[in-house]
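Residue numbers (our numbering), protein chains in the order written: chain A, 1 to 254; chain B, 255 to 579.
One structure is given below, encoded as structure tokens.
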Amino acid sequence: MTEQYSKTELMICVAARLFEDGTTCFIGTGIPMLAAMLAAKTTAPNLVPVFEFGGTGAILEELPRAVGEARTFHKGISALGICDTMETAQRGFIDYGFLGGAQIDCYGNLNSVTIGDHEHPKARLPGSGGGNDVGSHCWQTIAIMQHDARRFVPKVDFLTTPGFLTGPGARDAAGLPPGTGPIAVVSTLALMDYHPESCRMRLKSLHPGVTVAEVVANTGFELLVPEKVGANEPPSAQELRLLREEIDPMRFYI
Amino acid sequence: MEVLESGMMELIQPFDLDEFREWNRTKKARKLVDKRMSEQEAIAQFVYDGCYIGTELYGTVRCPMSLSREVVRQGRKDLRVCGQGVLELDLWLAAGLVKKLDITYIGLEVYGVPSGLRRAVESGQVETCVEWSNASISWRMKAAAMGVPFLPTRSMLGTDMLKYSAAKVVEDPFTGIKVALLPALILDVAIIHVHRADKYGNCQIEGISGFALEMSRACKRLIISAEEIIPTEEIRKYPDRTVIPYYLVDAVVHAPYGSYPGEMAYLYGRDEQGIKEWVEMSKTAEGTKAYLDKYVFGVKNHDEYLKLIGEERLQKAVELREKRI
Chain A
1 MTEQYSKTEL MICVAARLFE DGTTCFIGTG IPMLAAMLAA KTTAPNLVPV FEFGGTGAIL
61 EELPRAVGEA RTFHKGISAL GICDTMETAQ RGFIDYGFLG GAQIDCYGNL NSVTIGDHEH
121 PKARLPGSGG GNDVGSHCWQ TIAIMQHDAR RFVPKVDFLT TPGFLTGPGA RDAAGLPPGT
181 GPIAVVSTLA LMDYHPESCR MRLKSLHPGV TVAEVVANTG FELLVPEKVG ANEPPSAQEL
241 RLLREEIDPM RFYI
Chain B
255 MEVLESGMME LIQPFDLDEF REWNRTKKAR KLVDKRMSEQ EAIAQFVYDG CYIGTELYGT
315 VRCPMSLSRE VVRQGRKDLR VCGQGVLELD LWLAAGLVKK LDITYIGLEV YGVPSGLRRA
375 VESGQVETCV EWSNASISWR MKAAAMGVPF LPTRSMLGTD MLKYSAAKVV EDPFTGIKVA
435 LLPALILDVA IIHVHRADKY GNCQIEGISG FALEMSRACK RLIISAEEII PTEEIRKYPD
495 RTVIPYYLVD AVVHAPYGSY PGEMAYLYGR DEQGIKEWVE MSKTAEGTKA YLDKYVFGVK
555 NHDEYLKLIG EERLQKAVEL REKRI
């Protein structure tokens, strides 16, 4: 019998499996931290996590609650400053960036600035932080999001972190470094990637018990659905144990 | 160089590099002067209504919380602020001190969007929010630290960030690629909390340095709070550890647990209970007032604040510190 798990736990497990061992990875605050920790404890023991305020190569034994706190350089290889980490990304040393946001559109653009217009926002959100930088400079970015139609929207209210902007060729035209861009979205319902020509978000594989119709209904834009849709493995007993006992025992996120 | 695109927001802190040079020539002592003073004296002397001010690192990490509370206690107003902030800027926003923001990120991370920020911006109390990424604001300070008018970057391009900033996009005259030019940021006042300083202001930091190097070199006045005041012989024994040399510094304030309820690498961890108390109480205007009445206006200074928090909680924070291996 399989164990019970929450949608958030499943999302973290699916995201964790995307981390590639032996790569450098910019880790944003929140869920990306849990996914990176799980990856480091399972399939990617040689992952080099990079936290924007200067921590590189930490051994993630305890969950960082802030991107600047001491756990972001715990047993790390260096504790420098934000200019160094961001310049490292700008000159092409950071392979992946893992990000969250309040809204995402079909081209993988993220919003974390305002809901509603900028001058009179319905809700003021924290702001870009390092999000815009990660989306601009890392070779490949992966977004981790709750999946509903309020978050997967036709147009983000404020384009904070660049995905493919307005579509094919738009990143290059804007001056963003060639060869960079989003590659995947992990949500509470499914794993998505992007169509190589149109740059539009495409369903890749479903979480256990989720239907294509459910994903489509919870997506506010036209999601590409290929003929063959894969299936994501449920969390293993080991993944769940690590998440609950070692990674987030105080249940900040799960 | 032709400007291809301009951010439409105001440069809320215009700058003059030659004036900055002149300032550094005439207003910053090269002599070794004892700069120790109380937090009341430091804030009274250097922080004024309408000034452009910034804090480093941020709210829960090596943050000048004792000095940030003193700014509220003294009722400075119409501040123009850059941040990158958590508890300290949310406190200022909730207390109604902030008029304009060069905002990068003001969030409570694990505890979500701060209520002080939301109320202050959504009500229009904050007149202007100019958007920058974290790297961009740091590079703006770096430009000022270098004494040059801008730094080119590949951040911000193609997004609303550029549109709602005061950056400009140009074609690089050497390679032809597009770059965003980030204007230098010279702060009127910067406040930085460090592990150790001597009485002249030579500072040592442990753990990550955040943007302390850039900010300390990009401001006209620099107030340092330090966990420990050490003899200058200690500084001279390890000159490689001096990240902020004395001539940048205008005031040195002794502030043990100065970052509490935030953390200080290798000295004490953060106090979740203390942070959550702000998160909960700041949800309403009444709660905010009660919090400020208790923790800011209800005590005369940082010493009294620490007595209010109590030895037991401080000791608990010490036990949670990151340990050297």
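We put the beta carbon where it would ideally sit given N, CA and C, even for glycine.
What did DSSP end up calling residue i once you bin it into helix, strand or coil?
{"i": "residue 81 of chain A", "result": "strand"}
{"i": "residue 262 of chain A", "result": "Summary: the structure shown does not reach residue 262 of chain A, with chain A confined to residues 1 through 254, and so no result is reported for it."}
{"i": "residue 557 of chain B", "result": "helix"}
{"i": "residue 241 of chain A", "result": "helix"}
{"i": "residue 162 of chain A", "result": "coil"}
{"i": "residue 551 of chain B", "result": "coil"}
{"i": "residue 578 of chain B", "result": "coil"}
{"i": "residue 33 of chain A", "result": "helix"}
{"i": "residue 193 of chain A", "result": "strand"}
{"i": "residue 419 of chain B", "result": "coil"}
{"i": "residue 13 of chain A", "result": "helix"}
{"i": "residue 1 of chain A", "result": "For residue 1 of chain A, the pLDDT reaches just 46, beneath the cut-off of 50, and the residue's location in the model is therefore unreliable, although a value from the coordinates is still provided. In the structure shown, residue 1 of chain A sits in coil (DSSP, three-state: anything other than H, G, I, E or B)."}
{"i": "residue 180 of chain A", "result": "coil"}
{"i": "residue 487 of chain B", "result": "helix"}
{"i": "residue 274 of chain B", "result": "helix"}
{"i": "residue 514 of chain B", "result": "coil"}
{"i": "residue 42 of chain A", "result": "coil"}
{"i": "residue 253 of chain A", "result": "coil"}
{"i": "residue 18 of chain A", "result": "coil"}
{"i": "residue 224 of chain A", "result": "strand"}
{"i": "residue 210 of chain B", "result": "This structure cannot settle anything about residue 210 of chain B, because the visible part of chain B is limited to 255 through 579."}
{"i": "residue 197 of chain B", "result": "Limits of chain B in this structure are 255 at one end and 579 at the other, which puts residue 197 of chain B out of reach."}
{"i": "residue 157 of chain A", "result": "coil"}
{"i": "residue 520 of chain B", "result": "coil"}
{"i": "residue 369 of chain B", "result": "helix"}
State the beta-bridge partners of residue i as determined by DSSP.
{"i": "residue 211 of chain A", "result": "DSSP, once it has assigned bridges, lists no residue as partnering residue 211 of chain A."}
{"i": "residue 231 of chain A", "result": "A:206"}
{"i": "residue 385 of chain B", "result": "B:357"}
{"i": "residue 260 of chain B", "result": "B:422"}
{"i": "residue 187 of chain A", "result": "A:145"}
{"i": "residue 25 of chain A", "result": "A:49 and A:96"}
{"i": "residue 201 of chain A", "result": "A:194"}
{"i": "residue 508 of chain B", "result": "B:480"}
{"i": "residue 152 of chain A", "result": "A:104"}
{"i": "residue 404 of chain B", "result": "B:437"}
{"i": "residue 297 of chain B", "result": "Answer by DSSP bridge pairing: none, since residue 297 of chain B is not bridged."}
{"i": "residue 542 of chain B", "result": "Answer by DSSP bridge pairing: none, since residue 542 of chain B is not bridged."}
{"i": "residue 498 of chain B", "result": "B:457"}
Shortest alpha-carbon distance to residue i belongs to which of the options?
{"i": "residue 415 of chain B", "options": "B:450, B:379, B:402 and B:357", "result": "B:357"}
{"i": "residue 265 of chain B", "options": "B:456, B:558 and B:420", "result": "B:420"}
{"i": "residue 30 of chain A", "options": "A:99, A:21 and A:74", "result": "A:99"}
{"i": "residue 186 of chain A", "options": "A:203, A:41 and A:179", "result": "A:203"}
{"i": "residue 220 of chain A", "options": "A:70, A:8, A:33 and A:105", "result": "A:105"}
{"i": "residue 218 of chain A", "options": "A:34, A:148, A:44 and A:8", "result": "A:148"}
{"i": "residue 282 of chain B", "options": "B:477, B:406, B:407 and B:347", "result": "B:477"}
{"i": "residue 562 of chain B", "options": "B:550, B:572, B:570 and B:422", "result": "B:550"}
{"i": "residue 325 of chain B", "options": "B:338, B:314, B:336 and B:303", "result": "B:303"}
{"i": "residue 24 of chain A", "options": "A:93, A:4, A:10 and A:40", "result": "A:93"}
{"i": "residue 226 of chain A", "options": "A:248, A:16 and A:192", "result": "A:192"}
{"i": "residue 254 of chain A", "options": "A:188, A:223, A:200 and A:196", "result": "A:188"}
{"i": "residue 496 of chain B", "options": "B:526, B:452 and B:335", "result": "B:452"}
{"i": "residue 130 of chain A", "options": "A:79, A:111, A:230 and A:216", "result": "A:111"}
{"i": "residue 206 of chain A", "options": "A:72, A:252 and A:233", "result": "A:233"}
{"i": "residue 37 of chain A", "options": "A:15, A:54, A:166 and A:53", "result": "A:15"}
{"i": "residue 285 of chain B", "options": "B:518, B:502, B:509 and B:530", "result": "B:502"}
Kindly provide the ranges of any alpha helix (DSSP H) runs that are 4 or more residues long and lie completely inside the stretch 423 to 481 of chain B, ordered along the chain.
-> Runs found: 466 to 470.
Return the chain-ordered ranges of every beta strand (DSSP E) run that is complete within the stretch 79 to 148 of chain A and spans a minimum of 3 residues.
-> You should have 96 to 99 and 140 to 145.
For the stretch 74 to 88 of chain A, which residues have a CB atom closer than 7 angstroms to at least one CB atom of chain B, in sequence order?
-> 74, 75, 79, 80, 81, 82, 83 and 86
List in chain order: all unbroken alpha helix (DSSP H) runs of 4+ residues lying wholly within the stretch 299 to 357 of chain B.
-> 319 to 327 and 341 to 348
Could you name the residues of the stretch 390 to 422 of chain B whose beta carbon sits closer than 8 angstroms to any beta carbon of chain A, in the order they occur along the chain?
-> Going along the stretch 390 to 422 of chain B in chain order, one finds 390, 392, 393, 396, 407, 408, 409, 410, 411, 412, 413, 414, 415 and 418 with a Cβ nearer than 8 angstroms to chain A.
What residues in the stretch 132 to 164 of chain A have a beta carbon less than 7 angstroms from any beta carbon of chain B?
-> For the stretch 132 to 164 of chain A, which is checked against every Cβ of chain B, the residues closer than 7 angstroms are 132, 133, 136, 137, 158, 159, 160 and 162.
Contact set between the stretch 27 to 53 of chain A and chain B, restricted to residues whose Cβ is under 9 angstroms from the partner | The residues in question are 29, 30, 51, 52 and 53.
Could you run through the stretch 59 to 75 of chain A and flag, in chain order, every residue whose CB is less than 8 angstroms away from some CB of chain B?
-> 65, 66, 67, 68, 69, 70, 71, 72, 73, 74 and 75
What are the residues of the stretch 366 to 381 of chain B that lie near chain A, defined by any Cβ-Cβ distance shorter than 7 angstroms?
-> 367, 371, 372, 375 and 376
Listed from N- to C-terminal order along the chain, which residues in the stretch 459 to 493 of chain B have their beta-carbon within a distance smaller than 9 angstroms of any beta-carbon of chain A?
-> 460, 461, 462, 463, 464, 465, 466, 467 and 468
Between the stretch 289 to 323 of chain B and chain A, which residues of the former have CB atoms less than 7 angstroms from a CB of the latter, in chain order?
-> 311, 312, 314 and 315
Looking at chain A, which residues of the stretch 255 to 268 of chain B have a Cβ within less than 7 angstroms of any of its Cβ atoms?
-> none
Against chain B: residues of the stretch 167 to 191 of chain A by CB proximity under 7 angstroms | 170, 171, 174, 175, 176 and 177
Chain A contacts from the stretch 558 to 572 of chain B (Cβ-Cβ distance under 7 angstroms) = none
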